[in-house]
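Chains as they are written, first to last, in our numbering: chain D, 1 to 624; chain Y, 625 to 1103. Report on the structure given below.
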Amino acid sequence: MAAAPWICLLLPLASAVAITAAGTAIPRRVAGYISTVTTMGAFAAAVVAFVDMAGKSASHRSDATTSWTWLSAGPYHFGLTLLTDQLSIVMMLIVTGVSSLIIAYSIGYMDGEDEERRFFAYMSVFVFSMLLLVQGGNLLLLLAGWGMVGLSSYLLIGYYQERESAIQAAKKAFVMNAFGDATMALALFLLIQHTGKLDYAGVFAASPHGGAVANLIALGLLGGALAKSAQIPLHTWLPDAMEGPTPVSALIHAATMVTAGVYLIARCHPLFENAYVIADLAAGLGAATLLMAGLIALVQTDIKRVIAYSTMSQIGYMFVGAGLGTYPNAMFHLMTHAFFKALLFLAAGIAIHAVVGEQDIRKLAGVGKLMPFTKWVFLVGSLALVGIFPFAGFFSKDAIISAALDRGWYGDVIYVACLAGAFLTGVYAFRLFFIVFTGEPSAFAREHFHAHHGQEGPISMRWTVGVLGALSVVGGLIQFAPVWHLLSTWLAPVAAPIAEPTNTQEWITSGLAILIGLAGIGVAWAIYGAKRVRVPRSLTLFEKKFYWDELYDLLWYRTSDLVARGLYALVEAPLIGGSITAVTGVVGLGSRELSVAQNGLVRSYALALAGGLAVLAVVFLAVR
Amino acid sequence: MLTTALIAIPVAGALLIAIAPLSSYWLGSLAALISLVEIGVWITTAARFDFSSSSLQMDQRASWFSDLQVSWHVGQYRFSLWFVGMTVVAMAACTIYGWWAGRDRARAYFALMLLLTGAIVGVFVAQDLLLFYAFFEAMLIPLYVLIGVWGGSDRMRATITFVVYTVVGSLLMLAAIVVFGLQQGTFDMTRMGTSSSQWLFLGFVVAFAIKSPLFPLHGWLPVTYRESSAEVSAVLSGIVGKAGLYGLLRIAIPFFPQPVHDWRIVMLILGSVSLVYGSLLAFRAPDFRGVVMYSSLAQSGLIVLGLFASNSLGFDGAVLQIVNHALVSTALFLLAGMIERRTGTRGEFSLLGGMARGRPALATMIMTVGIISLAVPLSTTFAGEFLILAGVFQQGWLWAVIGGASMVLAAMYMLRAISAVLHQDVGPAVSENALDLRVGELAIVVPLVVCLVGLSAWPNLVSGRASAPTSSGWTQYAP
């Protein structure tokens, strides 16, 4: 069964290659079938690998296979290695499982787009990249997968190529993630320098404990995690990423890719345990993000952006869990979140699809009355998101929150932030639900709603949403922190938790979190459901999303632009002799005899060249 | 023999074309055939090459001017093999592009292209300094003509600029070679010892920095790359620039260990300045060629960082990146030419846009090469960049941080260029008549892309088979 992980990884790649190579030789719909079937095949391979692994004893479950040396230089060798262990198999199952459902859903959603083939080829590239990320057996392959998911994300956000906003959003996502890639690469350089290796076991054994180097390594990795998972301060790309088609938002920007940062911390937890300051920083940034995203979600009017901010907020919880060291619970929340957030996006997608692509909740208002199935699955997703018993979010979120009680005053602050976040979640999730799915349909919704052959959507869109709905109900049952711990036991050999709250703390937290979540729902009901309370005036600060975009625009884009223009005007054009007019201009300044220079092209260039040499000579002399 | 054959075949081909009584079309097809035969000979060489040995192979020596100790000495080290390989592949693509584009005065054009091929291969295999110099000059002369006759409207200015810069570089190099050779009593590079002369080192460095190019000696770049025809720009940026980097790698660094040690910081500064400066100007460039051109300056700076990292990570990474950039840059300039031909523009972004719709082949090629050129992880350019920066990191963290920042800048300028051509609103110069890539064009670009994708799956093919010998002056590169 050693081949199963390779089959799992390579099937989606084969699909992408096949769709690209076939081009117009296959009907558009067939591209969707190829992509779906191969992803399901990858899921089957992951299941086979899982069954195989479960049959072994806990200490023999980790298996690394190398196909060839991908890169080497001198004494350093980095292999194309797949590591299949308890952690990666969980991720493989989640990624391939959720991807299968969402790609199957896309067959209905994307039907009629004139570039469906491109869409499905990109989706397959994404699945391959994400699997490379989680299956890679060393940090270099992790980084390779890391960059490739960023690339797929770029391609899919910018799928609607002629839409200016989509292209801008795609570029923004790529550049911000390139920043994360760069900080990760720097961490890898440090590891190469200090350990000479990049494979996980070797790095963990040899990396320094504590001190500046350990902190910098963890910080570099964290930079990558923050960018990929859209946490403060590298989060601004995610809401804009909603420019992509809805299945893309569900798959990449909710269920899988954006949670990669959590996987990274769980995978590299020894490096973060060697640098507890950075681990605490991760938890703190997670807590800050979950509050900020919850606040912004309160005032958004685009249905997908509300869910996007909710994603940021929920990943904030996962970062709290991973940063505090309760890795199995962070992974658990990653899994349940994949179910219910994909459900929310896909259910929203059915509504958007039925109302001619409209995403503004004021126009969608009351559409739930026309589409009862969507309304009920959306309710299931919302309840799971808020964490109401017995839906999936209840089991996973509360376990993370209670872990904060194991960490002194810092943990207490985070604990309060997490509970406040639970309240915000209740408000924004049900604000959305009450506005869009209850009450009388708006004129716009009535006018534009069109049923699909008497149904709310094509069959491929309904059965997949149904499966995700079921998973959002029962998916949380594999672990209930105070009572049973299937997932924690399974993950213990690779990611044993370092924060262990007592059972009493778990019970109290669960009770509190439910009550607070219900309070949030109650507030939302009073304002948006029963309309007993007037809608509060929204804050400009929230609507401007805390001014992060403006800050980056000023700090990075405008600065680069200004520096580049300055360099061109002050260095390139006059000194380097990029343009003849500039050269003649310089010569002419002193003599006012432009003709001299114009007649003497060679002389001008000789001058420019001599100037360059003189600069060089001065540099050489000065620096020595 | 095979090494000599690699030089002789294109030169003989050039002579054959000069006299063959054929029409323009058949002269072009003959040149294309010869360039493909050249690739075949290189593959034969690679197949017979012993990669486990780091010493000089396939060498041939014949006395030439015995009283001056000058000899015809050619041969290949492991890294030379890759230099030759990228040359024959890129030159074949450019020659075939010239054929496809139907260049006028075909006899002279194709003879010059083949002569150029032979000369560049000679530069990379010469093991005698004067022979090296002869090939270096022989490489420049066809270029003067190719730029001056087949260039754009402002080609005279481009030619003069190019000539002035290269002549200065050549004179410096000639002076340094003569003095160095007389000091050593031989011009045979395999027999020469090291020197600690700062002036000789600087003479070589400046000559090679002009060719590479490096800031601030890149003044010939903008006008030359914009005014030359697309395939000549591809040769200049993809291959000829590499001759400068090869000179640093083969001459300036191994023979001058002490000056290298003393000047290392300066070289690293020049490399990083070129890297950041080129990236920033590429971000502002108003046309496609401008972006590719300044990104070449940036890549050249990056490779210099690798060469002066003075460790095997940096060296192997630099060789890999040289091969990568040769392929990427050739493909990008040829694509620039294809875009310009379809739109009747000179690649100005303000006139382009929306070309992806209805042109899937063009969009796929530009997207694939563009993405590889910005070093997305898992691509071979990423592998090269990673090794270089990991190597230079050991000289100091600052260099790698600058390199990391330039990774972000690369994403910014390349995505801007891709979007400006392919996406958003249809540009004023893009008409319905602008067709997708034709089969002939795909036959030129696709092999380059296949090489790049193949290398991305296995960059170790080059990086693991590039190390310099560990003897004498090469010790800085020893693992």
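All C-beta atoms, glycine included, are put in the ideal place defined by N, C-alpha and C.
Take the Cβ of residue i as the centre, count every other Cβ of all protein chains shown within 10 Å, and call the residue buried at 16 or more, exposed below.
{"i": "H453 (chain D)", "result": "exposed"}
{"i": "H60 (chain D)", "result": "exposed"}
{"i": "N1057 (chain Y)", "result": "exposed"}
{"i": "A638 (chain Y)", "result": "buried"}
{"i": "L986 (chain Y)", "result": "buried"}
{"i": "F272 (chain D)", "result": "buried"}
{"i": "T489 (chain D)", "result": "exposed"}
{"i": "W409 (chain D)", "result": "exposed"}
{"i": "P878 (chain Y)", "result": "buried"}
{"i": "S677 (chain Y)", "result": "exposed"}
{"i": "Y263 (chain D)", "result": "buried"}
{"i": "W146 (chain D)", "result": "buried"}
{"i": "E447 (chain D)", "result": "exposed"}
{"i": "F689 (chain Y)", "result": "exposed"}
{"i": "E572 (chain D)", "result": "buried"}
{"i": "E456 (chain D)", "result": "buried"}
{"i": "A342 (chain D)", "result": "buried"}
{"i": "W525 (chain D)", "result": "buried"}
{"i": "T509 (chain D)", "result": "buried"}
{"i": "G805 (chain Y)", "result": "buried"}
From the DSSP output, in three-state form, read off residue i for me.
{"i": "T159 (chain D)", "result": "The sequence given here has Tyr at residue 159 (chain D), not Thr. Reduced to three states, the DSSP call for Y159 (chain D) is coil."}
{"i": "T256 (chain D)", "result": "coil"}
{"i": "F880 (chain Y)", "result": "coil"}
{"i": "M1153 (chain Y)", "result": "Summary: the structure shown does not reach residue 1153 (chain Y), with chain Y confined to residues 625 through 1103, and so no result is reported for it."}
{"i": "L298 (chain D)", "result": "coil"}
{"i": "S687 (chain Y)", "result": "strand"}
{"i": "G699 (chain Y)", "result": "strand"}
{"i": "V1054 (chain Y)", "result": "coil"}
{"i": "L71 (chain D)", "result": "strand"}
{"i": "F804 (chain Y)", "result": "helix"}
{"i": "A342 (chain D)", "result": "helix"}
{"i": "E440 (chain D)", "result": "coil"}
{"i": "V587 (chain D)", "result": "The predicted position of V587 (chain D) is uncertain, since its pLDDT is 39 and thus under 50; no value can be drawn from it."}
{"i": "F480 (chain D)", "result": "strand"}
Please compile the residues from chain D whose C-beta is within a distance smaller than 8 Å of the C-beta of residue i.
{"i": "R981 (chain Y)", "result": "Q161 and E162"}
At the 7 Å Cβ level, is residue i part of the contact set with chain Y, yes or no?
{"i": "Q135 (chain D)", "result": "no"}
{"i": "V175 (chain D)", "result": "yes"}
{"i": "W6 (chain D)", "result": "no"}
{"i": "K304 (chain D)", "result": "no"}
{"i": "V563 (chain D)", "result": "yes"}
{"i": "M148 (chain D)", "result": "yes"}
{"i": "Y415 (chain D)", "result": "no"}
{"i": "I192 (chain D)", "result": "yes"}
Given that residue i touches chain Y, what residues does it touch there, using C-beta distances under 7 Å?
{"i": "F179 (chain D)", "result": "V1032"}
{"i": "Y153 (chain D)", "result": "Sequence check: residue 153 (chain D) is Ser here, not Tyr. Within 7 Å Cβ-Cβ: nothing; S153 (chain D) doesn't reach chain Y, min ~11 Å."}
{"i": "L143 (chain D)", "result": "P1001"}
Since residue i meets chain D, which of its residues come closer than 9 Å, beta carbon to beta carbon?
{"i": "V1025 (chain Y)", "result": "A182 and L186"}
For residue i, would you say it is in contact with chain D, using Cβ-to-Cβ distances shorter than 7 Å as the test?
{"i": "D728 (chain Y)", "result": "no"}
{"i": "H885 (chain Y)", "result": "no"}
{"i": "N1084 (chain Y)", "result": "yes"}
{"i": "H1047 (chain Y)", "result": "yes"}
{"i": "F973 (chain Y)", "result": "no"}
{"i": "V1000 (chain Y)", "result": "yes"}
{"i": "R779 (chain Y)", "result": "no"}
{"i": "F703 (chain Y)", "result": "no"}
List the residues of chain Y that residue i touches, going by C-beta distances under 9 Å, in chain order.
{"i": "R362 (chain D)", "result": "Under the 9 Å cutoff, chain Y gives no residues; its nearest Cβ is about 29 Å from R362 (chain D)."}
- Message: Please give me, in chain order, every unbroken run of the alpha helix (DSSP H) with length at least 4 that falls completely inside the stretch 109-143 of chain D.
- Response: If one requires a minimum length of 4 residues, the alpha helix (DSSP H) runs lying completely within the stretch 109-143 of chain D are 116-135, in chain order.
- Residue ranges of each alpha helix (DSSP H) within the stretch 494-529 of chain D, 4 or longer: Whole alpha helix (DSSP H) segments, 4+ residues: 503-524.
- Curious, which full-length alpha helix (DSSP H) runs of at least 4 residues does the stretch 887-967 of chain Y contain? 912-931 and 936-967
- Task: With a floor of 3 residues, list each beta strand (DSSP E) that falls wholly inside the stretch 1021-1070 of chain Y, ordered by position along the chain.
- Result: none
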